[in-house]
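Take a look at the structure below.
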Amino acid sequence: MSYRWLKWLILWIPTVVIGLWEYVRHAFLLPYVSMELGNWLAPVFVFLITLTLVRRLFAKLEAMQDSLKRQQVVKAAFEEREQLARELHDGISQSLFMLSVKLNKLDRAQSEADATKAMEGVRHTVRHVYEDVRQSISNLQNALQPADSTWLQSIHRLSSELEQAQGIAVTVDSKLYDGLLTNRQKVELLAILREALMNVQKHAGASAVTIQAEHHGALNVPVPAFSCVIEDDGKGATEEELQELGKYGIRMMRERAKAMGWKLNIGPSALGGIRIEITGGGASG
């Protein structure tokens, strides 16, 4: 039996029981059962039905909810594992490969100047690996933060991480209302923002990033429309380069947006770098 049918049965069974009792009482039992006694018997019948049939339906409903929660926990763990694998492949493994190349250059250095230059490249790569490891650890810690923390606090936490790691100035202009976003929307949108900022940190060569988010149109609808735009003033990239640079990050953002029914557009920014726009809710939500 489906979850939907269980809910409908729990809702309708007491109503049907009362209706049948009233029909039987007025059609067949009026000569034998007084009006006052019949009024007393109606809640008794509903109570007995609730103890027997409806109680079993509630037990099945709770079991289905528990199963759904377990599936959600497993799915969340799988998604975090996938994200960590993407980060390791896209950041740390590539940096370690570059480190091995630079160590080979150091071994083949013919002069002290060449050795010094190669050693500086090794130091730079080691620092980059260190930053990637810190970012991965930070992402795992953030994944454990409560989903109901305020939206603006979460955005500013991401901004502070980027500023501390790379010295990139982040400007946040958010007009999203916490109460109009579900917990899942907050989690997924934050994950996309985190991945976008990570790509800026790794590939953009930017000095500034802006984040603008707002709701649009009517706010008294079930799923209000919203948009979120991330722009940087970095070196930019072509579509082919976007697919090559951080391809796992781009794919993850697209997959998350698609799963939520959102639209994600990536293109050139008026600031000179890359512009990422996420739109959702309204007709697309």
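Final position of the sequence shown in the working numbering is 337; the numbers increase by one with none missing.
Beta carbons are placed, not taken as given, at the ideal position from N, Cα and C, and that holds for glycine.
Length of the line joining the Cα atoms of residue i and residue j
i	j	result
residue 231	residue 171	53 Å
residue 118	residue 112	10 Å
residue 274	residue 55	22 Å
residue 248	residue 167	36 Å
residue 84	residue 91	14 Å
residue 122	residue 149	39 Å
residue 318	residue 244	12 Å
residue 212	residue 67	56 Å
residue 226	residue 280	8 Å
residue 329	residue 61	44 Å
residue 314	residue 100	48 Å
residue 108	residue 276	38 Å
Secondary structure of residue i, DSSP reduced to three states
i	result
residue 59	helix
residue 251	helix
residue 91	helix
residue 83	coil
residue 313	coil
residue 160	coil
residue 167	helix
residue 233	coil
residue 72	helix
residue 173	helix
Of the listed residues the options, nearest to residue i (C-alpha basis)
i	options	result
residue 259	219, 60, 182	219
residue 250	279, 234, 216	216
residue 323	311, 285, 310, 303	285
residue 134	333, 307, 318	307
residue 74	95, 209, 62	95
residue 326	242, 255, 272, 276	255
residue 261	283, 65, 159	283
Residue i, buried or exposed, once every other Cβ within 10 Å from all chains shown has been counted against 16
i	result
residue 177	buried
residue 71	exposed
residue 153	exposed
residue 246	buried
residue 320	exposed
residue 127	exposed
residue 110	exposed
residue 164	exposed
residue 417	The displayed coordinates of the chain run from 53 to 337. Any statement about residue 417 would go beyond what the structure contains.
residue 309	buried
Residue i - partner residues in DSSP beta bridges
i	result
residue 262	223, 283
residue 268	277
residue 356	Any question about residue 356 goes unanswered here, given that the chain covers just 53 to 337.
residue 332	278
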